[in-house]
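Student: Okay, here's the structure, questions in a sec.
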Amino acid sequence: MPSAEQPAPSAITRADAVGLDRDDPLAECRGRFALPSGVIYLDGNSLGALPAHTAARLTQVIENEWGAGLIRSWNDAGWFDKPTSVGDRLAPLIGADAGEVLIAESTSTSLYSATVAAARLRPERATVVSHAGNFPTDLYILEAVQRSLGLQRRLIEDPSRGLAEVLDDDVAVVVLTHVDYRTGRMLDLPALTRQVHEVGALVVWDLCHSVGAVPLDLSAAGADFAVGCTYKYLNGGPGSPSFLYCARRHQAQAEPPLSGWQGHARPFDFTPDYQPADGISRFRIGTPQLLSLAGLEASLDIWADVDLLALRRKSLSLTGLFMDVVEARLPDLEIVTPRSPEQRGSQVSLRHRAGAFPIVQALIERGVIGDFRAPDLMRFGFAPLYLSHADVWDAAATLADVVTTGVWREDRLQQRGTVT
Ligand SMILES: *Cc1c(COP(=O)(O)O)cnc(C)c1O
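Each residue of the sequence shown is one higher than the last, beginning at 102 in my numbering.
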């Protein structure tokens with residue numbers, strides 16, 4: 102909901118937030134998650150919350166399918182087909198058709214597979230393009246693609262504007278992240294896809310911070326390839342496998358870089374030479390991570406009946422409310438995330454030059470969990486399925502308290518762990 106429909110920022114009270122919750126069609130979804138009490142969880146963009154039925158599902162897979170079924174479960178429990186059958190269940194969340202999505206490995210691995218396959222579809226071209234501020238693994242993987250295929254790279258500072266300057270008929274592939282992990286800024290996926298296609302190049306979209314947060318329609322946009330995490334907004338669990346999308350029109354020609362036995366047309370013929378499977382299965386590599394996949398499958402039960410437009414409305418309402426309260430209470434704090442709804446995902450990032458890390462630590466001590474991104478950003482993710490407006494109001498009030506009292510300057514809040 103655009104913030105224009107809400108009262109003027111300074112006038113927003115907790116009662117107003119509670120009022121917004123009364124009209125929330127997704128309010129009952131919160132009960133589908135096992136969240137600890139006393140915690141307001143604003144880090145679902147990094148690791149999604151635990152669905153209430155996942156533990157029982159994993160136990161069932163371990164005890165019945167693995168323990169009792171043993172190797173028979175490859176057939177009897179549909180294990181061998183899980184990468185594609187679960188991919189088909191995820192497909193509606195990204196606007197893909199059945200047969201276009203594979204669940205496999207990590208986002209980093211899938212990005213490598215998709216980008217090499219895309220570049221090989223444009224063999225006469227020698228340049229790959231990406232965003233200088235992209236998530237580091239995306240840039241590192243792109244370096245690996247360059248080394249493997251002998252390509253050069255052009256990086257742009259602002260993907261919403263800078264593409265035109267670098268696109269020409271030497272560009273094979275453009276790799277873009279739809280929602281920026283630092284700023285929460287969202288790109289215009291259909292428009293940029295069109296722009297890339299105008300010079301005959303292909304696009305690989307990274308949807309890590311989009312899937313389960315904003316509605317996506319890869320088919321309508323004519324996207325070529327996409328990858329994304331399932332452990333962020335989708336709540337698949339720590340290390341749940343990634344997804345890889347390859348538009349059906351590219352599948353017959355696509356040559357993935359890693360020709361593992363499970364991507365073979367007839368893996369159980371055990372022939373010495375490689376022949377790729379038809380369709381998306383040719384992107385399979387080795388044995389799928391079935392226990393992690395079971396966590397994702399459990400979370401997809403929740404997603405099956407979520408109205409993605411209602412999800413988006415609530416997401417904008419939550420992020421809008423947070424920005425309004427922060428702006429009213431902490432007018433000196435820089436809000437990095439774009440205000441305009443078309444340009445933001447489901448997170449809000451705030452800049453504090455001296456205190457971003459310890460402020461986040463002080464919030465965590467008070468049960469408000471967000472995270473810190475170097476050098477000076479505080480990042481708050483808003484998962485519409487399990488957060489209420491009252492949570493958001495309370496989180497913003499806690500932040501205002503931590504910042505205005507200066508409690509974050511205490512020594513014990515400055516200690517950094519391995520993961521920030
Ligand atoms: C979280 C994230 C990743 C993570 O990659 P993994 O291989 O799953 O560790 C990649 N790209 C972006 C944009 C991300 O936000």
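By construction, the Cβ of each residue, glycine as well, lies at the ideal position given by its N, Cα and C atoms.
Quick check: the stretch 208-222 against the stretch 242-249, are at least 3 beta-carbon pairs closer than 8 Å?
Tutor: Yes, they touch.
Student: Using a Cβ-Cβ cutoff of less than 8 Å, which residues in the same chain neighbour residue 216 once the five nearest sequence positions on both sides are dropped?
Tutor: Only 229, 242, 243, 246, 274, 276, 305, 326 meet the Cβ criterion.
Student: Measure how close the beta-carbons of residue 450 and residue 285 come, nearest whole angstrom, since I'm counting them as under 8 Å.
Tutor: Right, the Cβ-Cβ distance comes to about 5 Å (below 8 Å), so this counts as a contact.
Student: Can you grab the Cα-Cα spacing for the pair residue 506 / residue 316, in whole Å?
Tutor: Going from the Cα of residue 506 to the Cα of residue 316 covers about 39 Å.
Student: Check whether the Cβ of residue 282 sits closer than 7 Å to any heavy atom of ligand 1, and report yes or no.
Tutor: Residue 282: yes, Cβ under 7 Å from ligand 1.
Student: Out of 487, 214, 347, 456, which has the shortest C-alpha to C-alpha gap to residue 517?
Tutor: Among 487, 214, 347, 456, the Cα nearest to that of residue 517 is on 456.
Student: On the CB-based measure, 16 or more other CB atoms within 10 Å of its CB, does residue 521 come out buried or exposed?
Tutor: Exposed, by the Cβ-count rule.
Student: Can you tell me whether residue 132 is helix, strand or coil according to DSSP?
Tutor: Looking at residue 132 - three-state DSSP - the assignment turns out to be helix.
Student: Among the residues of its own chain, which have a CB less than 8 Å from the CB of residue 393, if the five just before and after it don't count?
Tutor: Excluding positions up to five away in sequence, the list reads 337, 338, 340, 341, 342.
Student: Which two residues bound the contiguous beta strand (DSSP E) that contains residue 175?
Tutor: Premise fails: residue 175 lies in the alpha helix (DSSP H), 174-177, not in any beta strand (DSSP E).
Student: So the candidates are 312, 500, 198, 238; which of them puts its Cα closest to the Cα of residue 149?
Tutor: That would be 312, whose Cα lies nearest to the Cα of residue 149.
Student: Out of 117, 133, 119, state which residue places its alpha-carbon closest to the alpha-carbon of residue 406.
Tutor: Of 117, 133, 119, the residue nearest in Cα terms is 133.
Student: Tell me which residues share the same chain as residue 198 and place their Cβ nearer than 8 Å to its Cβ, disregarding the 5 neighbours each side in the sequence.
Tutor: Once the five neighbours on either side are set aside, the close Cβ partners of residue 198 are 192, 320, 349.
Student: Between residue 467 and residue 195, what straight-line distance do the alpha-carbon atoms span, to the nearest angstrom?
Tutor: Roughly 36 Å between the two C-alpha positions.
Student: Report yes if the CB atom of residue 391 is closer than 8 Å to the CB atom of residue 190, and no otherwise.
Tutor: Their beta carbons are not under 8 Å apart, which means residue 391 does not touch residue 190 by this criterion.
Student: Does the beta carbon of residue 207 fall short of 7 Å from some heavy atom of ligand 1?
Tutor: Residue 207: yes, Cβ under 7 Å from ligand 1.
Student: Would you tell me roughly how many angstroms separate the C-alpha atoms of residue 372 and residue 345, rounded to the nearest one?
Tutor: Cα-Cα distance, rounded: 26 Å.
Student: Per DSSP, what kind of secondary structure is residue 327 in: helix, strand or coil?
Tutor: Residue state, collapsed to three classes: strand.
Student: Under 8 Å, with one C-beta from each stretch per pair, do the stretch 127-146 and the stretch 474-491 reach the 3-pair mark?
Tutor: Output reads yes: the stretch 474-491 touches the stretch 127-146.
Student: DSSP three-state call for residue 408: helix, strand or coil?
Tutor: Residue state, collapsed to three classes: coil.
Student: Cutting at 7 Å between CB atoms, please list the residues of its own chain near residue 415, excluding the five before and the five after it.
Tutor: Same-chain partners within the cutoff: 125, 127, 485.
Student: Identify, in the order they occur along the chain, each residue of the same chain with its Cβ nearer than 6 Å to the Cβ of residue 362, setting aside the five sequence neighbours on each side.
Tutor: Answer for residue 362: 368, listed in chain order.
Student: Is residue 310 near ligand 3, going by C-beta to nearest heavy atom under 7 Å?
Tutor: No copy of ligand 3 appears in this structure; the ligands present are ligand 1.
Student: For the stretch 450-495, which segments carrying the alpha helix (DSSP H) assignment without a break, of at least 4 residues, lie completely within its bounds, in sequence order?
Tutor: Within the stretch 450-495, the complete alpha helix (DSSP H) runs of at least 4 residues are 457-466.
Student: What residue from 464, 436, 382 has the CA that sits closest to residue 200's CA?
Tutor: It is 382 whose Cα lies nearest to the Cα of residue 200.
Student: Indicate, with yes or no, if ligand 1 has a heavy atom lying under 7 Å from the CB of residue 343.
Tutor: Yes, the Cβ of residue 343 comes within 7 Å of a heavy atom of ligand 1.
Student: In or out: residue 476 buried (at least 16 other Cβ within 10 Å) or exposed?
Tutor: By the 10 Å Cβ count, residue 476 comes out exposed.
Student: Within a Cβ cutoff of 7 Å, which residues of the same chain sit near residue 301, ignoring the five residues on either side of it in sequence?
Tutor: Counting only Cβ-Cβ distances below 7 Å, and skipping sequence neighbours, we find 270.
Student: Can you tell me whether residue 142 is buried or exposed, with buried defined as 16 or more other CB within 10 angstroms of its CB?
Tutor: Label assigned to residue 142: buried.
Student: Whose CA, out of 181, 213, 314, lies closest to the CA of residue 410?
Tutor: Checked all of 181, 213, 314; the closest Cα to residue 410 is 314.
Student: Quick one: measure Cβ to Cβ for residue 493 and residue 463, integer angstroms, because I've assumed they're closer than 8 Å.
Tutor: Their Cβ separation, rounded to whole angstroms, is 18 Å, which puts residue 493 and residue 463 out of contact at 8 Å.
Student: Check the DSSP bridge columns for residue 262 and list the partner residues they point to.
Tutor: Paired residue(s): none; residue 262 is not in a bridge.
Student: Using the rule of at least 16 other Cβ atoms within 10 Å of the residue's Cβ for burial, across every protein chain shown, is residue 366 buried or exposed?
Tutor: Answer is exposed; the Cβ neighbour count stays below 16.
Student: DSSP puts residue 307 in a beta bridge; with which residues?
Tutor: Partner(s): 278, 328.
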